[in-house]
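Enquirer: Dropping a structure here in structure tokens format, bear with me for questions.
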Amino acid sequence: MALAHLAATGPVIPDYASQSSSCVVHNHLFCADWISNNWSRVLWPALRGHILLCLVAVSIGFAISMALALAAHRYRWIERPTILLTTFLYTIPSLALFELLVAPVGPNVYSAEIALVSYTLLILFRNILTGLRAVPAEVLDAAEGMGMSRGQSLWRVELPLALPAIVAGLRIAVVTIIALATIVYTIYDAGLGVPIHTALGEGPFKTELIAAGGLTILLALLADALLVGAQRLLTPWARARVS
Amino acid sequence: MKTADSAHSEGPSAFAQAAELELRSVSKRYAGQREPAIEDLSLIVPAGEVCVLVGPSGSGKTTAMRLINRMIPISGGDILLGGTSVLQREAKALRREIGYVIQQIGLFPHQTVAENIATVPRLLGWDAHRVAARVRELLELIDLDPDEMRERYPSQLSGGQRQRVGVARALAADPPLMLMDEPFGAIDPINRAHLQDEFLRLQAQVKKTVVFVTHDIDEAIKMGDRIAILREGGVLAQYDTPQEILTRPADSFVAQFVGADRGLKRLALTTLSELNLIQPNGLRPDESEEGSMRVPRETSVRDALSALLTGGGRPLTVIDPDGRVEGLVTLTLVEQLLTRDHADARGAS
Chain A
1 MALAHLAATG PVIPDYASQS SSCVVHNHLF CADWISNNWS RVLWPALRGH
51 ILLCLVAVSI GFAISMALAL AAHRYRWIER PTILLTTFLY TIPSLALFEL
101 LVAPVGPNVY SAEIALVSYT LLILFRNILT GLRAVPAEVL DAAEGMGMSR
151 GQSLWRVELP LALPAIVAGL RIAVVTIIAL ATIVYTIYDA GLGVPIHTAL
201 GEGPFKTELI AAGGLTILLA LLADALLVGA QRLLTPWARA RVS
Chain B
1 MKTADSAHSE GPSAFAQAAE LELRSVSKRY AGQREPAIED LSLIVPAGEV
51 CVLVGPSGSG KTTAMRLINR MIPISGGDIL LGGTSVLQRE AKALRREIGY
101 VIQQIGLFPH QTVAENIATV PRLLGWDAHR VAARVRELLE LIDLDPDEMR
151 ERYPSQLSGG QRQRVGVARA LAADPPLMLM DEPFGAIDPI NRAHLQDEFL
201 RLQAQVKKTV VFVTHDIDEA IKMGDRIAIL REGGVLAQYD TPQEILTRPA
251 DSFVAQFVGA DRGLKRLALT TLSELNLIQP NGLRPDESEE GSMRVPRETS
301 VRDALSALLT GGGRPLTVID PDGRVEGLVT LTLVEQLLTR DHADARGAS
């Protein structure tokens, strides 16, 4: 009964007058029943939107960074302008960048993704390039001397050996973007920033803030753990030691 | 010295290929450098022989080697492998036919021993069964237990094992030519001598044409069927057998490069079994001169001389592998050998 009532009330403002639990009514620090009552209506859509925002941003950022890093790996002159540009993007205050994009692009998902992607580029580009450049010279010499083409050397030798550095970059980028995506709400109604913003306006009621903030942290930790796991699976050689 | 271990050479060889290598007036100039790195270098390495390129730094020995598989583009002249110019081959295809071993080995750290050895066969598109069989064969050839070593990563190997895997990887597709750039340079002296002996045993089996680069004249004398001594500017100073280079150095540069102890080095190339030993009159085969040191006939004359000097000049008793006495060696006998070689050298010059 209480659930149906809450679902109907719309904005999540503690309803002191109706059938809300006593926890909610008395503004206790954390109300588990509020979570279960609002999961499917508030928290899950925000979480799902947040994951989607980050996944798209990191994927596009990774593709662009990989292309730039491969180009800079082959043509050294590409490195400096790329570092300059991506550092510039990285230093723009995030709130300002979101607002700046609204004028030309509009207050939509495109603005949000463009901003998020621009913050991944510096981290990913640097790490991928560092990984590629750290491949020992004698390994490259052996690959070439045994008759590998450039592409074969890249795919079979250089990228696999750069993988730990690439994953290290991805981990930083993913955690950064998951945190940063909480302010996407300023221009576009999506992500865990939405319930966080709502909660900030709720005065003494802290459950929604804690829940949305906690989900952001859990999402970051989970994504990081997944990347670490993937790296362990993909680089068994890095763990091999003299038995 | 370079005798095949007959226990290993059974059955038809899986390493059938070896090709003659010819360098014809090869030169290499780098843009912006006045002096050439290699100047008019001509030499022929007969199929199945080890040619050691040796010289001081700046003599272009590594450059000369890397011209052969076109890791460095040639400026002039031609290089023929099995009668065909390497310049007419596609570089990648050429390199897959030439074994390549470098000082730092360059094993792929992210691949197992088996995957490393399989590199060239996979590039050549061999099927999985053939590759697996070949990997096993090669691991056995270099005395590593296939079942134990196949799945290891390079980080789990000792320096010597890595070096041997590097050689196995170079041999994988049965190349007619092997290029080896200071392959034992990063190994400590004791393991180095061991690996050198092992490579000579291997080479006696596989009989590849080998171009071997080193800066160490002792290694050159030990490993080479022929030695090409290069001087600064990539000029060939002498190309000959170790014996000839030690007996008749072409000029003062070669004489200085092989060292003032070249007489001793030459003695190291001869074993006691090659001498006309003094026959021990009246001795039964199982007896010897009383108190005389017994040395196997495979001992080098250099080591025998050392033993003679240590023993105050008392004759040594030379025995065969079954312990039977073959004869005696004395200081006078060594002296005769030196006089004879000296006379040869004078007669020639």
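For the record, the sequence lines run as chains A and B. My numbering puts the first sequence at residues 1 to 243. My numbering puts the second sequence at residues 1 to 349. Backbone N, C-alpha and C fix where the C-beta goes; we use that ideal spot for every residue, glycine too. None of the values given here were measured: they were computed from a predicted structure.
(1) Could you run through the stretch 116 to 149 of chain A and flag, in chain order, every residue whose CB is less than 9 Å away from some CB of chain B?
(2) Taking CB distances under 8 Å as the criterion, tell me whether Val-157 (chain A) reaches chain B.
(3) Among the candidates B:Thr-62, B:Arg-302, B:Pro-249, B:Arg-248, whose CA atom is the shortest distance from the CA of Ser-273 (chain B)?
(4) Could you compute how far the alpha carbon of Arg-136 (chain B) sits from the alpha carbon of Ala-128 (chain B)?
(5) Could you give the uninterrupted runs of the alpha helix (DSSP H) lying entirely in the stretch 214 to 265 of chain B, keeping only those of 4 residues or more?
(6) By the 10 Å Cβ neighbour count, where 16 or more other Cβ atoms means buried, how is Phe-30 (chain A) classified, buried or exposed?
(7) Which runs of the alpha helix (DSSP H) spanning at least 4 residues fall entirely within the stretch 165 to 212 of chain A, listed in chain order?
(8) Please work out which residues of its chain come closer than 7 Å, Cβ to Cβ, to Arg-169 (chain B), disregarding the five sequence neighbours upstream and downstream, and give them in chain order.
(9) Tell me where the beta strand (DSSP E) around Ser-42 (chain B) begins and ends.
(10) Taking 7 Å as the line, does the beta carbon of Ser-59 (chain B) fall inside it for any heavy atom of the ligand GDP?
(11) Let me know if Glu-49 (chain B) comes out buried or exposed under the rule of 16 or more other beta-carbons within 10 Å of its beta-carbon.
(12) Thinking C-beta only, is Pro-242 (chain B) closer than 8 Å to Ile-229 (chain B)?
(13) Can you list, in chain order, the residues of its chain whose CB lies under 7 Å from that of Tyr-100 (chain B), leaving out five sequence neighbours each side?
(14) Across the stretch 192 to 199 of chain A and the stretch 207 to 223 of chain A, are there enough close Cβ pairs to call them in contact, namely three or more that are closer than 8 Å?
(15) Suppose you measure from the CA of Ala-69 (chain A) to the CA of Ile-128 (chain A); what does that come to, to the nearest Å?
(16) Please classify Ala-190 (chain A): is it buried, with 16 or more other beta-carbons within 10 angstroms of its beta-carbon, or exposed?
(17) Where do the ends of the alpha helix (DSSP H) carrying Tyr-30 (chain B) lie?
(18) When DSSP builds the beta bridges, which residues end up paired with Leu-21 (chain B)?
(19) Measure the CB-CB distance between Ile-187 (chain A) and Ser-111 (chain A) and report whether it falls below 8 Å.
(20) What is the rounded straight-line gap between the Cα of Ala-57 (chain A) and the Cα of Ile-178 (chain A)?
(21) Quick one: Cα of Leu-132 (chain A) to Cα of His-110 (chain B), how far?
(22) Of all the CB atoms in chain B, is at least one closer than 8 Å to the CB of Leu-161 (chain A)?
(23) Can you pull the chain B residues whose beta carbon is under 8 Å from the beta carbon of Ala-240 (chain A), in chain order?
Expert: Taking the geometry as given:
(1) Pro-136, Ala-137, Glu-138, Val-139, Leu-140, Asp-141, Ala-142, Ala-143, Glu-144, Gly-145, Met-146, Gly-147, Met-148, Ser-149
(2) Yes, contact with chain B.
(3) B:Arg-302
(4) 12 Å
(5) 217 to 223, 242 to 247, 252 to 258
(6) exposed
(7) Within the stretch 165 to 212 of chain A, the complete alpha helix (DSSP H) runs of at least 4 residues are 193 to 200.
(8) Asn-116, Ile-117, Thr-119
(9) 38 to 45
(10) The model on display carries no ligand, and the ligand GDP is accordingly not part of it.
(11) buried
(12) no
(13) Asn-69, Ala-170, Leu-179
(14) yes
(15) If I take the Cα positions, the gap works out to 6 Å.
(16) buried
(17) Here Tyr-30 (chain B) belongs to no alpha helix (DSSP H), and DSSP marks it neither H nor E.
(18) According to DSSP, which records beta bridges pairwise, Leu-21 (chain B) is partnered with B:Val-45, B:Leu-81.
(19) yes
(20) 10 Å
(21) Leu-132 (chain A) and His-110 (chain B): Cα-Cα distance of roughly 14 Å.
(22) yes
(23) Arg-152, Tyr-153, Ser-155, Gln-156, listed in chain order.
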